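Below is one structure, written out as structure tokens; comments come after it.
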Amino acid sequence: DDKLCFDFDELLQNQIEPLTKRNVMHFIASIYDPLGLINPVVVTMKCFLKELFKEKLGWDDPLPETLKSRWISILKGLENCKIEIDRLYSLKEFEDPFVNVQLHGFSDASKVAFGASMYLRFVYNSGKIKVVLIA
1 DDKLCFDFDE
11 LLQNQIEPLT
21 KRNVMHFIAS
31 IYDPLGLINP
41 VVVTMKCFLK
51 ELFKEKLGWD
61 DPLPETLKSR
71 WISILKGLEN
81 CKIEIDRLYS
91 LKEFEDPFVN
101 VQLHGFSDAS
111 KVAFGASMYL
121 RFVYNSGKIK
131 VVLIA
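Under full-length UniProt numbering, think of the first position of the sequence shown as 1, with each following residue one higher.
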């Protein structure tokens, strides 16, 4: 299978101490996701970083205990988090030609974040339906 895989275990092991605004930003910036496919996971961290800027903490000031425990809680949510996304959008399945293809888009927003996604939906001659995330 040709899949794009996101595994946060190694990233979590390389976390830099002490917890400061600089190290939180470093952690978030080290997540490479140019298509935004894992934004639903990363957006919580970005909102947390925004709060650190509102607190007017220095770059190397240790986080207060309340913020430190919130950051640790966010990171605990990433433990054992593995995301796999197909990189190949197969138009043909098991010698079964598709008879219909549709493009579906969805979006949503709140006061703190927004998101959008695009899917391809294939309907095959046999009646089988396949949906793949493309953006």
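Backbone N, C-alpha and C fix where the C-beta goes; we use that ideal spot for every residue, glycine too.
Small disclaimer: the values here were computed from a predicted structure and weren't measured.
Excluding its 5 nearest sequence neighbours in each direction, Asp-60 has C-beta neighbours in its own chain below 7 Å: Thr-20, Arg-22, listed in chain order. Contact annotation: Ile-83 and Phe-6 have beta-carbon atoms nearer than 8 Å.
Taking C-beta separations shorter than 7 Å and ignoring five residues to either side along the sequence, the partners of Ile-85 in its chain run Lys-3, Leu-4, Leu-37, Leu-133, following chain order. Looking at the DSSP output, Lys-82 sits in a beta bridge with Asp-7. Taking 8 Å as the cut-off, the Cβ atoms of Val-42 and Trp-71 do not count as close. Around the C-beta of Phe-122, 16 or more other C-beta atoms lie within 10 Å, and the residue is accordingly described as buried. Nearest C-alpha to Gly-115 among Ile-31, Leu-35, Gln-13: Leu-35.
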